[in-house]
Amino acid sequence: MESTPDSKVLLELYSTMLLIRRTEEKIAERYSEQEMRCPTHLCTGQEAVPAGVCLNLTKEDNVLSNHRAHGHYIAKGGNINAMIAEIYGKETGCSRGRGGSMHLTDLSVNFVASTAIVGGTIPLAVGTALASRMQNKKDVAVAFFGDSAVEGGVFHEALNFAALHKLPVLFVCENNLYASQTHIRERQPEREITQLAKSQGIAAFKEDGNDAVAVYTTAKKAVEHARSGNGPVFLEFPTYRWLEHVGPNDDSKLGYRSEKEIQEWKARDPLERLKKTLLENSLATEKNLKSIDDEAKQKVDEAFRFAKGSPFPKKETLHDYLYCNTRHNINQYPVSASPGKERKISYAEAVREATGQAMEKDSSVFVIGEGVPDPKHVFGTTTGLREKHGRNRVLDMPVSENGLTGVCIGAALKGMKPLMVHQRMDFLLLALDQLVNNAAKWHYMFGGHASVPIVIRAIVGQGWGQGAQHSQSLHSVLSHIPGLKVVMPSNAYDAKGLLMASIEDNNPVVFIEHRWLHNITGYVPEEPYALELGKAKAIRQGNDLTIVAASYMTVEAVKAASALEGKASIEIIDLRTVKPLDFETIKHSVEKTGRLLVVDSGHYSGGLAGDIIARVMEQSFNALKAAPRRITLPDLPTPTSPELSRHYYPSRLDIIKDIGELAGLPAKEIRAIIESERQKMPEKPDVPDPGFKGPF
Ligand SMILES: Cc1ncc(C[n+]2csc(CCOP(=O)(O)OP(=O)(O)O)c2C)c(N)n1
Ligand SMILES: [Mg+2]
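So in numbering that gives the first Met the number 0, spot 551 of the sequence shown is number 550, and the numbers just go up one at a time.
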């Protein structure tokens, strides 16, 4: 039999639970006034779990939660005035009114975040634990989630990684039997949820979630286990929410759960149970408990007064907190500087050198990715890094793209700088949830309170039979997402400078490398340097026509322009970063030349090329001498047959043809130039550069 915690602990448990209860009651009471205008998931009936778990934590321990977060926030010591102000959408809210009830944060007590995507913060909690480990700290992390979260892949990915690295994490499942209005038996087979964790080698326990003392004592042992370096623990606490899934109302008439069931659970009210224990054991008097209640009510009243009296964010601040500032510590090369002439290395070597130098300069940088330390070293871009920087900073990765992106985000939130590597951009698609819902949103959604300095390298493996799932160039998809930066260097010099800048940047950056560029050499200074993100570069000056290109298509554009030397004066703008887009440089060039050809390695519809042309039409229409054109991939998945690929991938030949038509050059001459260029191209036309030696 467990020894009962002392009266101080029990009274603390009671006052936290009561504060949560009174807060939720007041929200419910005021909700219909329509002053709180965001979805609000109340936890009335479930108070024992947050109170019992969090009472075992230190201020430094990290807590992450889900949509039903008020209890966790309060129990971790979050500022209740700021929480209510957040629900009211006020500037004084904990996320400055940008997040609402589902996006609470209070970093002063390491309540890291709550979010609206089921399961979404579980890997982040694991990431904060990874950061603690890397920083030699003793903090534990807690992920609170509901019973439906165990149905999602990211849950299993997070548990797998936490178990693999024996990270100090508590996975706390509040099993209230329902996901919205759907009973657990409609969603899960008849087995214990704890089995899921046990099968991953994780210690797992189930305890009555309406018994605050049981929750407290179970969590206490779990926290000790994790803090002592014995790895993660999974806790399931069956409990019950009294009110509707979202909103302030009783929903007993909706029909998805019976009145009898609700009444049975209400009879097991965790507050009443603890009150009974306190009184029966003479640990408190009715008077003591009344004064705790009065204090809770006072705090809640004050929080509502504060929230109602606070101002809304000013409309001028709508655009604030999209990106956070970065102060670069390494040399900033002006974009116009000519690169060092002393040494030529390949694009892949430039990426490796940038990574190694960033790791030397900043001990918070670590590299993680499938195959990063394996003998192929992600095509030579990570060779030697593990030997130099060790296993703790150069990690191989389970094949869990979404979960591990979440882990990296969590680590980034706690001061680490993860560099994640995907051998194929297609695999990044599995991580869109974490990348788009979390990394991209975080700074804005939490009112600028936190940033996610994460770099994700994604290699585009076009050609050589890569096929539909090993070749996609999805920069347009990513560019659509506010909050991300998307970088696409075309040469070794830019690759090094832009990667170093990306690693220093405090925002999430996707760094896209075209596989065909990896073996191309260029002049690269040996010392560390950073090139400004968001700045395009005119890499060739001209007056007749502007080509806008990025990544590998810049190479093709240069070859086309060289073939037309003396026939047309062509300016080439290498975008280098496609989000944020340096439209000013494009505009300036097009207003000079009057003709525009955009050459893009993405698809035709909804793409970067169409976006650039639309902006030119909007802003520089009168300067145009001809309708702008674009060369893109067709709107088709990639075929593998070399014969089909030849017609699928555009090349310098297509560029020459379009330039000829746009600039009104004699068709016969253009045909002759195309023919002569065709002779120079490699035998297998889907392998465009002789330096390219196949995919591996
Ligand atoms: C990935 C995802 N799918 C669907 C939803 C819609 N949704 C919001 S809450 C919820 C149910 C959550 O149930 P549970 O995890 O058991 O937590 P509870 O609400 O019971 O506390 C669902 C499905 C979502 N937010 N995220
Ligand atoms: Mg539930």
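For each residue, glycine too, the CB sits at the ideal point set by N, CA and C. All figures in this text were calculated on a predicted structure; none of them were measured in a lab.
Please classify residue i: does DSSP put it in a helix, a strand, or coil?
i      : result
His513 : strand
Arg97  : coil
Met419 : strand
Lys343 : strand
Thr637 : coil
Thr181 : strand
Glu243 : coil
Pro122 : helix
Pro741 : Because the chain here runs from 0 to 695, residue 741 falls outside it and cannot be looked at.
Asn324 : coil
Thr404 : helix
Ser335 : Reliability fails at Ser335, whose pLDDT of 49 lies under 50, so the model's placement of it is uncertain and the value that follows must be treated cautiously. Of the three classes helix, strand and coil, the one that applies to Ser335 here is coil, per DSSP.
Ala306 : helix
Leu288 : helix
Thr354 : helix
Val108 : helix
Thr545 : strand
Met113 : According to the sequence displayed, residue 113 carries Ser and not Met. Note: Ser113 maps to strand in three-state DSSP.
Gly92  : coil
Ile329 : coil
Lys536 : strand
Tyr551 : helix
Ala467 : coil
Thr15  : helix
Asp647 : Here the sequence assigns Tyr to residue 647, which means Asp is not the residue at that position. Of the three classes helix, strand and coil, the one that applies to Tyr647 here is helix, per DSSP.
Which value, in whole angstroms, describes the spacing of the CA atoms of residue i and residue j?
i      : j      : result
Lys591 : Leu623 : 9 Å
Ser588 : Thr91  : 45 Å
Gly152 : Gln180 : 21 Å
Ser335 : Glu503 : In this prediction, Ser335 scores a pLDDT of 49, lower than 50, which makes its location untrustworthy; the coordinate-derived value is nonetheless stated afterwards. About 21 Å.
Gln540 : Ser568 : 8 Å
Ile546 : Val598 : 7 Å
Ile611 : Gly254 : 53 Å
Val459 : Arg385 : 24 Å
Pro122 : Leu664 : 58 Å
Val171 : Pro49  : 9 Å
Pro4   : Asn506 : 45 Å
Tyr528 : Leu12  : 54 Å
Lys667 : Ser489 : 32 Å
Thr404 : Ala430 : 6 Å
Lys286 : Thr22  : 21 Å
Lys313 : Leu412 : 27 Å
Gly601 : Gly462 : 13 Å
Ala196 : Val523 : 49 Å
Val420 : Ile455 : 6 Å
Lys26  : Ala295 : For clarity, residue 26 is Ile in the given sequence; the question names Lys instead. Taking the straight line joining both Cα atoms gives about 14 Å.
Ala457 : Pro38  : 36 Å
Val241 : Glu258 : Per the sequence presented here, residue 241 reads as Trp, with Val not at that position. Trp241 and Glu258: Cα-Cα distance of roughly 11 Å.
Gly246 : Ile19  : 16 Å
Met0   : Gly370 : Here Met0 scores only 42 on pLDDT, less than 50, and its place in the model should not be relied on; the value that follows carries that caveat. Answer to the nearest angstrom: the Cα atoms are 49 Å apart.
Chain-ordered residues, beta carbon under 6 Å from a heavy atom of ligand 2: Qualifying residues, in the order they occur: Gly145, Asp146, Ser147, Asn175, Tyr177, Ala178.
Whole runs of the alpha helix (DSSP H) within the region 424 to 462, excluding any shorter than 4 residues: Under the rule that a run must span 4 or more residues, the alpha helix (DSSP H) segments found entirely inside the region 424 to 462 read 424 to 427, 441 to 444.
Beta strand (DSSP E) runs contained entirely in the region 139 to 218, provided each spans 3 or more residues: Secondary structure remark: continuous beta strand (DSSP E) runs of at least 3 residues inside the region 139 to 218, in chain order: 140 to 145, 168 to 174, 202 to 205.
Those runs of the alpha helix (DSSP H) which lie wholly inside the region 474 to 520 and span at least 4 residues: DSSP runs (the alpha helix (DSSP H)) wholly in the region 474 to 520: 474 to 478, 491 to 503.
The region 624 to 631 / the region 561 to 577 touching (three or more Cβ pairs under 8 Å): Short answer: they don't touch.
Segment contact, 8 Å Cβ cut-off, at least three pairs: the region 64 to 80 with the region 279 to 287: Too few Cβ pairs lie closer than 8 Å, so no.
Contact the region 343 to 352 vs the region 406 to 426: 3+ CB pairs below 8 Å: Verdict: no, contact absent.
Continuous beta strand (DSSP E) assignments of at least 3 residues falling wholly in the region 231 to 280: List check, beta strand (DSSP E) in window: 232 to 237.
Inter-stretch contact (C-beta, 8 Å, three-pair minimum) for the region 79 to 89 and the region 47 to 62: No, the region 79 to 89 is not in contact with the region 47 to 62.
Residue ranges of each alpha helix (DSSP H) within the region 555 to 632, 4 or longer: Listed in chain order, the alpha helix (DSSP H) runs fully inside the region 555 to 632 are 582 to 592, 607 to 619, counting runs of at least 4 residues.
Contact the region 134 to 153 vs the region 464 to 471: 3+ CB pairs below 8 Å: In short, these stretches do not touch, since the Cβ pair count stays below three.
Beta strand (DSSP E) runs contained entirely in the region 23 to 76, provided each spans 3 or more residues: DSSP runs (the beta strand (DSSP E)) wholly in the region 23 to 76: 61 to 64.
Contact the region 99 to 107 vs the region 318 to 330: 3+ CB pairs below 8 Å: Cβ pair count under 8 Å is below three, so no.
contact_flag[the region 35 to 49, the region 310 to 325] where n(CB pairs < 8 Å) is 3 or more: No, the region 35 to 49 does not touch the region 310 to 325.
Touching by the beta-carbon criterion (3+ pairs, under 8 Å), the region 228 to 244 and the region 195 to 212: Yes, they touch.
Contact the region 442 to 457 vs the region 384 to 403: 3+ CB pairs below 8 Å: No, they do not touch.
Cβ contact (3+ pairs, closer than 8 Å) linking the region 654 to 663 and the region 555 to 570: They touch, by the three-pair rule.
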